[in-house]
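Below is one structure, written out as structure tokens, with a few remarks after it.
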Amino acid sequence: MTASLVPSGDEVMLRDSARAFLAEASPVSALRANRDAGRPYDPGLWSEMVKMGWAGVLVPEEAGGADMGHRAAGILAEEMGEVLAASPFLSSAVIAATALRAAGSARLAEIAGGATYALALDETSKFAPERSGLQATRAGNGYRLTGRKCFVADGGSADRLLVLARTAGAPGEPQGLTLFDLDASRAGISRSPRATVDSRDHANIDLDGVEATGEDVLGEADNAMAVLAPALRAGQAGLSAELLGLTSGAFGMTAAYLRERRQFGRTIGSFQALQHRAAHLWCEIEVTASAVANAGRVLDETPEEADLAVSVAKARATQTAKLAVSEGVQMHGGIGMTDEFDMGFYMKRARVGAEWLGDYGYHAARVAAARGF
Amino acid sequence: MTASLVPSGDEVMLRDSARAFLAEASPVSALRANRDAGRPYDPGLWSEMVKMGWAGVLVPEEAGGADMGHRAAGILAEEMGEVLAASPFLSSAVIAATALRAAGSARLAEIAGGATYALALDETSKFAPERSGLQATRAGNGYRLTGRKCFVADGGSADRLLVLARTAGAPGEPQGLTLFDLDASRAGISRSPRATVDSRDHANIDLDGVEATGEDVLGEADNAMAVLAPALRAGQAGLSAELLGLTSGAFGMTAAYLRERRQFGRTIGSFQALQHRAAHLWCEIEVTASAVANAGRVLDETPEEADLAVSVAKARATQTAKLAVSEGVQMHGGIGMTDEFDMGFYMKRARVGAEWLGDYGYHAARVAAARGF
Amino acid sequence: MLQHSDDPDTFRANISSWIEAHCAPELRAIPRTDQQICWGGKRFEFSSAAQKAWMQAAAETGLSAPRWPIEYGGAGLSRQQEKVYREELARLNAPTPLESFGLWMLGPALLEFGTHEQKLHYLPQITRGEIRWCQGYSEPGAGSDLASVQTRAEDRGDHWVVNGSKIWTSYADQADWIFALVRTDREAPKHRGISFMLIDMTAEGVSTKPIRLISGASPFCETFFDNVVVPKEDPAGLSRIVGELNRGWDVAKHLLTHEREMIGGGAQGLLGTRSLGAFLQDLDDQVLADPVLRTRAMELEVDSLATAMTLDRYKDMAKQGGVGHASAMLKYAGTELNKRRYELLMSVTGSDGLDWDGAHGALPSEWLRTKANSIEGGTSEVMLDILSKRVLDLPSQ
Amino acid sequence: MLQHSDDPDTFRANISSWIEAHCAPELRAIPRTDQQICWGGKRFEFSSAAQKAWMQAAAETGLSAPRWPIEYGGAGLSRQQEKVYREELARLNAPTPLESFGLWMLGPALLEFGTHEQKLHYLPQITRGEIRWCQGYSEPGAGSDLASVQTRAEDRGDHWVVNGSKIWTSYADQADWIFALVRTDREAPKHRGISFMLIDMTAEGVSTKPIRLISGASPFCETFFDNVVVPKEDPAGLSRIVGELNRGWDVAKHLLTHEREMIGGGAQGLLGTRSLGAFLQDLDDQVLADPVLRTRAMELEVDSLATAMTLDRYKDMAKQGGVGHASAMLKYAGTELNKRRYELLMSVTGSDGLDWDGAHGALPSEWLRTKANSIEGGTSEVMLDILSKRVLDLPSQ
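Chains as they are written, first to last, in full-length UniProt numbering: chain A, 1 to 373; chain B, 1 to 373; chain C, 1 to 397; chain D, 1 to 397.
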């Protein structure tokens, strides 16, 4: 690696401006308002993000994007995580943009313009792309897709869907999968929103004989992984960054509480047992921050070698977020348990983020495989 | 279960007398003296234990034993663990006695009289009885045993050896194994003492065409598990009790140190971070003590159902001992690292005890199997 | 009426037929829902006539408070007889006829600290299910520091005027009366100057507001006192203070230990509600092929079994003279274990377990609710403080 | 002589040919053993003529202390040039020509706190490997509380008389001189009244005793001072005190931070000595079929990689202005990780790893030795105290 793991001047500026914007436009109270209104995200907020060029962070300049790279995308995701801002950023600007870019799709410009995408991949309760079995059977010159996708992030509202389907081989085989880029309103597609604990947009999606043509195939048929693998890496790195931001947000609230709150006649942050736990958590966050920064760097510099770096980041980010929100609730005591307080939102999003795009065990196994055991 | 998990009056008496005896006859300084003299145990100490009837704790009265049961054996093992007393107690009075009793062997009386045994089972670095492959080939009316056993506890000094050998089937199959009861001086047996970290008697044992007859078979040929399984359960429960005693010994030293030692102008036990860690460790010890007491009870009452209880005890005892000795060294600081101080002996024995008769993973897997997953 | 008998077998037969006679078969179905619990009180709506009849039969026999003295509305059973009664209830799937904070907390406090007249007045109201009580200890901003009571009762000669607020008052919105810690002497040291006071929830100036938790709706409320007048003696001449004036902390401490044992013991109940084994067997095989999840499940199972054995062992110890402060261990170990269990259940259910009312029902709510286990009834940190000072004898400074 | 050059590529070429010219091929073999380390000093026995020649060549060029000023015996390299030098050493498998506590600790202290005359006298002795120093901070019974120095130096006009003892003085039995914290004012507050003193180990009354650890023999000693006379000025007029009299704690604190960064950074070295991956590949397949061991190995690998990335990140941060007290994090995280690593190595090697000198060589000794990682150079508890107060700004009371 040549680039420093410390943010450059440009990166610090990007972070500062994102932080200032989000503090104003999307504090945690916005998530609460969305939740209470039964609205999974605020399209107005997304429009503003699009105007700032965030939707095109990974889109080449010739397609109207800013082409700032994965580290920059990670900084944006991290800042969104810090205040729990809900948006289609990861699904569209990170995952779909990377897939479309790998496939050389002309629709990239639409992403930079704010079109929203969702990746319809999971079929069981655990992330396992190669186990996908949703059938795309040959029909005339095209395909007919039938089956169910579950836990599709942003799937209830997305304009378009990337649907992973099996065109050959059997579930468990990495080959024989094809990625379709479909308008979400196409005949035969029905979407069922889910009431996930993080109050965001997740849906189950049923495909009932949905017709698709070769035009709808992203990349090559039977070889989805060529475009999907980079997209997944990008999404996993971005989600890791979001979880790191979430962790930092939860920890910040907790540390501030420890400094202010008094009990038994003293500030609770003066209790050594809490000090040591807080300091330990801070160390964990520092280590995870390194893994997240590194994943972004490697994706920018040698993306084909990024599997290990990305999986280290996602595994660490998942565990650290869990620790931070658990300690956050416990150290806040009763108030941390009340809905009126924000910590619960952090805990709920951390849980959803732990599962999306592969849980700790999935990524730890990938690390082991990369390390030869 | 009908019996109380709280020690009865008889059990309290047994514990008190064992404790008083061992404090006098085998304090930790005795282990140090043995270690410095290169002597894995003190035969004189064992003679005294035999006189007190400990060798016959599981031998029926008609064979000259005291027949006090597994809970009583556990109390003795626990007290030995507390002061790290080295003796052939577990190998002879617990494991071999249970095997010989299950087989109805006439040699039981010899055990009560102090004859020492060792169980020669392991062939690889991990405990896995059914994977034994040491060959006992048919030769005339008898067998010829050839192969190597490793990590045989008390194997360097034992009068007799229980050797697990394969008379049929392939490694991995629980059937086809036969347990031989052989004099350790029989032709073709050679023993290589090992310098294990706990300074006790462990040996590798080579068998080179050792001749055995049907007389030497304990229980039935090809069906070693009928006599070995109860012996292993007894040994695992006894070792769990020893580890619990070791844990309690290490914790006692540590708690006393926390109460006395001053640093930064205060008693270190007043630092809340250390208090909470000590209290957590104490809770772990209490929970493990329950598992150990329960294993003894179940072995006494419904031995055939004891697998689960025994594996819970060994798994817990292994983990708790590891925590207790790690915290013990850390909380003692530099002095805990010196050979002059006793904590290192506890740490070393805990490590050996963690491996002998199945490590944490082995027993946790048995618990999972018993619980249906 | 129940035939008492000193012979255990006869007693068992008597109690068994008494249960069968008074607890209608429709009540004896499991699983039972929270809605079927009989709480009593003036505002309680029985879920069925059978439920009401069962409570009344128990109240008449004193069996709603089996071990309380007969003169105070109890059944006067021995510890052994109570055990038989509970065993027979369980065997016949019969619900406990009446549950209440009056039975669990105020009653024991009155039996220990109340006057004979207070007992005669208040205890039978509890056993008969006439008055539903709630508990007013914690205050907003006080957290674990229960002794830092700010709610104050000013002495106005023949009455007190109470101002302040309480938090975590379970079912305050459905209770008739509250037993509360109030500061009656503002000059005294922190642990002095507190009194244990009984207050009518219908008095002017008392109001409640429900608390929503991160896990959803909850029985908890905030309770506000705005110039509430509490007579020093009510018409019958009974004091509204339990125990000595300004010594209410002694009463509270006594009850806290009592509560801790209940919650620690409750760990066993919690463990039972979601059996890990059953859960795991229903899962896609692939889930437990993951070594990480398999390892977590094995570790949890080992620790759950050993903790269950510990509850058994401590029950045996309690029979032989009590466990003292070591009960803090049960609270700590039980609640921390339960949190781990629910973390694992969430992990093994994966995305199926993320919906509020999805494939695994209330699992996400239950998971979030477990996070309070190690806060309510004394935080884990307070338990570890108690253990290190009272059991391990570690110094304060 | 080495040709300096401001052009990095030229400099790299120069340094590379200089190394090849002076470091004999026989020295450039790995793995190297501890015996091959060149410590210098009067009692040091070179393991070969080549080792001696390599040290002397480096001393002449100043490269035994690459960044020290040339006038004090160093090579005066920039940070960037030093990096190139280290990279070329590594690339050519050349050992560091000289290791010593003089280079690591006393030198930096003198450069920061010494007088010009002290630097001129002591530093070249270090860079030339003539004098081997040891460190005298800790005392028996003081543990982490380094400021509770009991070893006292009494003022006798033109000299001090030193009495007391030091513990954990590495290689004291082979050192020529010791730099030690001694109490020069017994009336002053604890952190005052301490001075940083230089003492000749051959002086009458100095003796040492090696310390045996639970892991076996060790370089640590106890060092005793029994009425040791230390002149206030030696013949050349140099003070034996570094920095101000009674302000030795400032010097010590400066060095402690320095040491902590070394030990934290050393975690990378430690991680390298036993590669988990290589170890695991050599094992019986059955060992990692155990989900518990596989999980532990995966967890450790994830955390090791992330920690290595953190070392990289902190190095980058250090270049941009330092990491301050956050270096305590590297010490804490690095040493705790290393302990976990060795616990795992012991678990995966099973009974094969239990012998002092068995199938896995020194593994058990190394495992036991790691237990000191979180004690020496500041305990993990002290690191967490520093982080909570200095980085997280949590209050003292």
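Backbone N, C-alpha and C fix where the C-beta goes; we use that ideal spot for every residue, glycine too.
Take D/Met317, set aside five residues on each side of it, and the residues of its chain with a beta-carbon closer than 6 angstroms to its own are Val323, in chain order. Within the same chain, and ignoring the five residues on either side of C/Ser380 in sequence, the residues whose Cβ sits closer than 6 angstroms to its Cβ are Tyr332 and Ser374. A/Gln135: member of the beta strand (DSSP E) spanning Gln135 to Ala139, first to last residue. Taking 8 angstroms as the cut-off, the beta carbon of D/Trp54 is found closer than this to the beta carbon of D/Pro97.
Residues of chain B whose Cβ lies closer than 7 angstroms to the Cβ of C/Tyr342 do not exist, since the nearest Cβ in that chain is about 17 angstroms away. Rounded to whole angstroms, the gap between the alpha carbons of C/Lys253 and C/Gly141 is 20 angstroms. For C/Pro108, the enclosing alpha helix (DSSP H) covers residues Gly107 to Phe113.
The count of Cβ pairs closer than 8 angstroms, one atom from the region 323–338 of chain B and one from the region 356–371 of chain D, reaches three, so the stretches are in contact.
In this structure, B/Gln236 sits near B/Gly358, with a CB-CB distance shorter than 8 angstroms. Across the structure, D/Lys190 and D/Glu139 are spaced so that their CA atoms are roughly 15 angstroms apart. With its beta carbon less than 8 angstroms from one in chain B, A/His276 belongs to the interface. Between the alpha carbons of A/Val227 and A/Leu100 lies a gap of roughly 8 angstroms. For C/Asn227, same chain residues with a beta-carbon under 7 angstroms away, outside a window of 5 residues either side, are Val161, Asn163 and Gly205 in chain order.
Taking 9 angstroms as the upper bound on Cβ-Cβ separation, chain A lies near no residue of the region 56–75 of chain D. Taking a beta-carbon distance threshold of 8 angstroms, A/Thr288 counts as an interface residue toward chain D. In the DSSP assignment, B/Cys150 falls within the beta strand (DSSP E) that extends over Gly142 to Ala153.
Here DSSP, grouped into helix, strand and coil, assigns A/Val352 to helix. In terms of Cβ geometry, D/Glu301 and A/Arg297 do not form a close pair [threshold 8 angstroms]. Going by C-alpha positions, A/Ala291 is about 25 angstroms away from D/Asp385. In this structure, DSSP gives B/Ser91 a helical state, which the three-state scheme calls helix.
Residues of the region 33–50 of chain B with a C-beta less than 8 angstroms from any C-beta of chain D: none at all.
The shortest C-alpha to C-alpha distance from A/Asp183 to any of A/Thr116, A/Trp356, A/Thr196 and A/Ala241 is the one to A/Thr116. Listed along chain A are Gly334 and Met337, each with a C-beta nearer than 8 angstroms to that of C/Ala372. In the three-state DSSP reduction, C/Gly358 falls in the strand class (E or B). In the DSSP assignment, C/Glu154 falls outside any alpha helix (DSSP H) and within the unbroken beta strand (DSSP E) covering Arg152 to Asp155. A/Trp54 has its alpha-carbon roughly 8 angstroms from the corresponding atom of A/Leu76. Contact annotation for B/Met253 against chain D: no contact, minimum CB-CB distance about 14 angstroms [criterion: below 8 angstroms]. With fewer than 16 other CB atoms across the displayed protein chains lying within 10 angstroms of its CB, C/Asp9 is exposed. As DSSP reads the structure, D/Cys134 sits in a beta bridge with D/Ile178. Take D/Ser388, set aside five residues on each side of it, and the residues of its chain with a beta-carbon closer than 8 angstroms to its own are Leu394, in chain order. Annotation for C/Ala94: Ile19, Cys23 and Arg28 place their beta carbon closer than 6 angstroms to its own, counting only its chain and skipping 5 residues before and after. Within the same chain, and ignoring the five residues on either side of D/Phe225 in sequence, the residues whose Cβ sits closer than 7 angstroms to its Cβ are Thr151, Val162, Asn163, Gly164, Ser165, Gly205 and Val206. Around the C-beta of D/Gln118, 16 or more other C-beta atoms lie within 10 Å, and the residue is accordingly described as buried. Within the region 260–276 of chain B, the residues whose Cβ lies closer than 9 angstroms to any Cβ of chain A are, in chain order, Phe271, Gln272, Ala273, Leu274, Gln275 and His276. At least 8 angstroms separates the beta-carbon of A/Ala103 from that of A/Val152.
Taking all protein chains shown into account, B/Gln275 has 16 or more neighbouring C-beta atoms within 10 Å of its C-beta and is therefore buried.
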